[in-house]
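Below is one structure, written out as structure tokens; comments come after it.
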Amino acid sequence: MSQASARVLRTEPLGMAEALGAAEALLPGDLRRFEYQGDLLGAVVVTGGFAPVPLEAFDSLAPKLEAEVQAAYFHFLRLSLGCGRNFCHVPRRELQARLGLSERRLNRVLDALEQAGAVRAHHRDNRGTLYRVFLPSEIEGRTPGGVLLGARSEPPTKHPGALEPLAARKEGQR
2 MSQASARVLR
12 TEPLGMAEAL
22 GAAEALLPGD
32 LRRFEYQGDL
42 LGAVVVTGGF
52 APVPLEAFDS
62 LAPKLEAEVQ
72 AAYFHFLRLS
82 LGCGRNFCHV
92 PRRELQARLG
102 LSERRLNRVL
112 DALEQAGAVR
122 AHHRDNRGTL
132 YRVFLPSEIE
142 GRTPGGVLLG
152 ARSEPPTKHP
162 GALEPLAARK
172 EGQR
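Sequential numbering of the sequence shown, starting at 2, is according to the numbering used here.
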């Protein structure tokens, strides 16, 4: 059977394809697959190389963003959540390459993401910029459902060679 593009695909009456209905009725966790027009439709289990993207990113925030801004946000989610963090450190050139954007368009996209509250640039060095990446629920001030945010805040580690605060130095002299 030849491949039909979506533009020339005929609309069929409901109930014409039993296998299609069976595939659409599968519940999460059901690993069966059904043959339909030469393709197997059904379960997919991803076991590695994935980023856990909350569905609210697609359902809540994405419709409010332009397509290029959506693409950038999903790359930020991949670079942060894909590493189990709510931040990422990425060079601008890498963002340009990932998104296929000129420097000017990337600036516009990053501005739009910051205005939407989706990312915040915190630090820039010769390795790139550190961005805090926010989930839609965080942007809207809701508790994120199904997402475990770092529950414990560790005290900052002292950088070797850093000076102690003046008050601590005076305390040690007593």
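The beta carbon of each residue, even a glycine, is placed where N, CA and C say it ideally should be.
Ends of the alpha helix (DSSP H) at residue i?
i   : result
R94 : 93-100
F75 : 68-82
Based on the DSSP output, what are the partners of residue i in its beta bridges?
i    : result
R121 : R133
Note down the Cα distance separating residue i from residue j, rounded to an integer number of angstroms.
i    : j    : result
N87  : E104 : 25 Å
S61  : P53  : 16 Å
D112 : A58  : 18 Å
G39  : L21  : 12 Å
P92  : L56  : 27 Å
G83  : E19  : 38 Å
N127 : L10  : 51 Å
T12  : R33  : 26 Å
How is the beta strand (DSSP E) around residue i delimited, first residue to last?
i   : result
L28 : Neither: L28 is in no beta strand (DSSP E) and is coded neither H nor E.
E36 : 34-37
On the premise that residue j lies in contact with residue i, defined as a C-beta separation below 8 Å, what is that separation, rounded to the nearest angstrom?
i    : j    : result
L102 : E67  : At roughly 12 Å, the Cβ-Cβ gap does not stay under 8 Å, so L102 and E67 are not in contact.
F77  : V110 : With a Cβ gap of about 10 Å, F77 and V110 do not count as contacting.
L100 : A73  : 6 Å
Excluding the five sequence neighbours on either side, which residues of its own chain have a C-beta within less than 6 Å of the C-beta of residue i, listed in chain order?
i   : result
L42 : A24, F35
With hydrogens ignored, establish whether the beta-carbon of residue i is closer than 7 Å to any heavy atom of the ligand NAD.
i    : result
R133 : Looking for the ligand NAD in the displayed structure turns up nothing, as the structure carries no ligands at all.
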